[in-house]
Amino acid sequence: MFLQPSRILAASIGLALVTVTTAATPTPPFHSSPYFGERVREWWVEPGIRVRVVAPGRINPSRPTRLVIYATPNGSTLEQTLGCGKADELDWRFDIQHVAAQIRRYRELTPQENVVLAVVQAEGMSWPAWRAEHKDHAARIKALVEMIRDQTPGPNVHVALTGHSGGGSFLTGFLNAHDGIPDYIDNISYLDANYSYSDAEKHGDKLLTWLKGGDNRRLAVIAYDDREITLNGKKVVGPDGGTYRGTGRMIKRFAKDIPLSESKNGDVATGTGLNGRLIFRVHTNPQNKILHTALVGEMNGLLAALGAAPFGEPRAYDKWVQPAPGIPPRPKDAPGGKAFFARIDTLPRGEREDAIASELLRGNLPEFLRHFVPVTIRDKSHTAVIDVMPDYLAVGSDTDWVRVPMNPYTAQRIADAFGCQLPTRKMANEIARSAAVKLIPLPLSIDREAPHTFAKHHALIEVQRAGEPLGKLVDGVKKDVVVTNRLAERPDRVAIFGWHYPDGGPIQPLTTVHVDWYVDYSHGVRLIRRTVQIDGKPKDIRSVLHSTVLAGLLSDEGILSRPSY
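In this text, residue positions in the sequence shown follow the numbering used here: the first is 375, and each later residue adds one.
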């Protein structure tokens, strides 16, 4: 039988980020997401942990804050874990967990809380491998959880720790770091992830003591009978492995101290204790399928673990799934560039940025900008090919368009929606070197921050570009808004670089002198696709930028810990 032993959003500058071995460095500011009015920020924590925090657009200071920290499974990126709609060019992993959509549904069901999501990804996309590389992994995981919590807004931040697959190793590391689980943890959920549960390491003792310490505490375990599943004719788990056996070990330990009741609904056996605060759900898997990810996404595993939805199909969060990244088609009613700039010329700065974002996010940009140009970058050992927008972001059509300067947060919002990355200084230099059309910079000095000057500058560039077809890689027309490690020192600034002369020399050295809201006619946003080819194999550009081996291909600052605004 189943039960038998067989505060208002943190200031956009961010607070101090602390790890076990590194000095405090500021986290990046939040920027507006293109989806559901959320705000996001992302950064790398040394050594080799990537963090993305997704918060609601507004935090109610009178309500408690729920922080859900979700550890990625083996083989999945942050983006794949968060999830999005299907697209032919996307990996299947984007449609299996939908953590972001499940948390949005959870927000809808729990309006009495501010709900913030933090997804943590280990370098190499494996928490077990990361832990094996770091003897002090437990202390590092403890420091990471505390850092994320400390930077989460609200006077009463309670934390739910959860993860899928190898993400359970993150939870194990957290348990190993404490003699007693902290009081601020009120939910721990293993989503087919309890492979590394160990009685020898006192995991059961710690979890039981914690559960008994407060009526608000909840432990949820979701697993399935994986003992006989096969892939390509071979068993997936060994004779002692798998989450079915891991769950059996947990049940055996817990049953010594807590009466457990058993029920069954269809193929799901459920064991509960402590008035429902302890819950084990095991899919009996009579058809011997691989249900590993289905338990999380298709069966609403995260929502069920948080106590917000029944476990099982159908998905309860479909309306909250964000679209796949990409540039939408241009609407038939979209204004041309000249009309748009006439409309925004007198708008206050914030309204102007909103108008720019609105037009670009609905696809009002020229057709030729949708056709990216490959740029090849080589070092002694490796070759990278990045796909580059042929010119700078613009509003309008191929026959009526205007290049559009914007602040870095608007630029980041557009890049996120389009599945793109802002360039580094080295990328900007490589683009200038590879450009088929190299124009002479045209500085202006009057009304530098006015939209009519933006339009005037565009017109001057177009006079110089006359005779060259649209779609060729163009350089020498704008300074690039770039990402740089210098933003760690001055996170409330915009970094700009470039505006190259035809001989390759830039007018503008890399600088963070301007505050982040500053925009003038000389600023331009050129996007690079997130997928980069390294030695002929596709990789996410942000992983490349943080690779000790590969970062030098795309960054002249070494590893880039700040890949976004």
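Glycine included, each C-beta is placed from N, C-alpha and C at the ideal position.
- For Glu507, the enclosing alpha helix (DSSP H) starts and ends at Trp501 to Glu507.
- Counting of Cβ neighbours within 10 angstroms places Val887 among the exposed residues, the total staying below 16.
- Checking the DSSP bridge columns, you'll see Leu605 partnered with Lys608.
- 8 Å or more divides the Cβ of Leu721 from the Cβ of Val899.
- Here Val868 is not near Pro797, since their CB atoms are 8 Å or more apart.
- Residue environment analysis places Trp466 among the exposed positions, since fewer than 16 neighbouring C-beta atoms fall within 10 angstroms of its C-beta.
- Judged by DSSP in its simplified three-state form, Glu416 adopts strand.
- Excluding its 5 nearest sequence neighbours in each direction, Ile788 has C-beta neighbours in its own chain below 6 Å: Leu734, listed in chain order.
- In the displayed model, Ala810 falls within coil according to three-state DSSP, outside both helix and strand.
- If you draw a straight line from the Cα of Arg591 to the Cα of Asp614, it is about 30 Å long.
- Distance between Trp418 and Glu497, taken at the CA atoms: about 9 Å.
- Under the DSSP definition of a beta bridge, Gln795 partners with Ile902.
- Distance between Thr621 and Ser637, taken at the CA atoms: about 16 Å.
- For Glu727, the enclosing alpha helix (DSSP H) covers residues Arg723 to Leu735.
- Our two residues, Val519 and Thr644, have alpha carbons roughly 30 Å apart in a direct line.
- By the criterion of at least three beta-carbon pairs nearer than 8 Å, the region 818 to 832 is not in contact with the region 871 to 891.
- When DSSP states are grouped into helix, strand and coil, Ala429 belongs to the strand group.
- Its chain contains Ala594 and Thr646 as the residues whose beta carbon lies nearer than 6 Å to that of Ile653, once the 5 sequence neighbours on both sides are disregarded; these appear in chain order.
- Within 10 angstroms of the beta-carbon of Leu456 lie 16 or more other beta-carbons, which makes it buried.
- Here the alpha carbons of Ile664 and Val610 stand approximately 9 Å from one another.
- DSSP, read as helix, strand or coil, puts Tyr480 in helix.
- With contacts defined by Cβ atoms closer than 8 Å, Val769 and Val762 do not form a contacting pair.
- Cβ atoms of Tyr783 and Ala475 stay farther apart than 8 Å, at about 24 Å.
- Taking the CA atoms as reference points, Ala791 sits about 8 Å from Ala698.
- Between Val695 and Pro815, the alpha-carbon positions lie close to 43 Å from each other.
- Around the Cβ of Tyr618, a 10 Å sphere holds 16 or more other Cβ atoms; the residue is buried.
- Restricted to the region 833 to 905, the beta strand (DSSP E) segments that are unbroken, complete and at least 3 residues in length are 853 to 855, 867 to 874 and 880 to 889, listed in chain order.
- Using a Cβ distance threshold of 8 Å, Pro447 and Gly540 count as a contacting pair.
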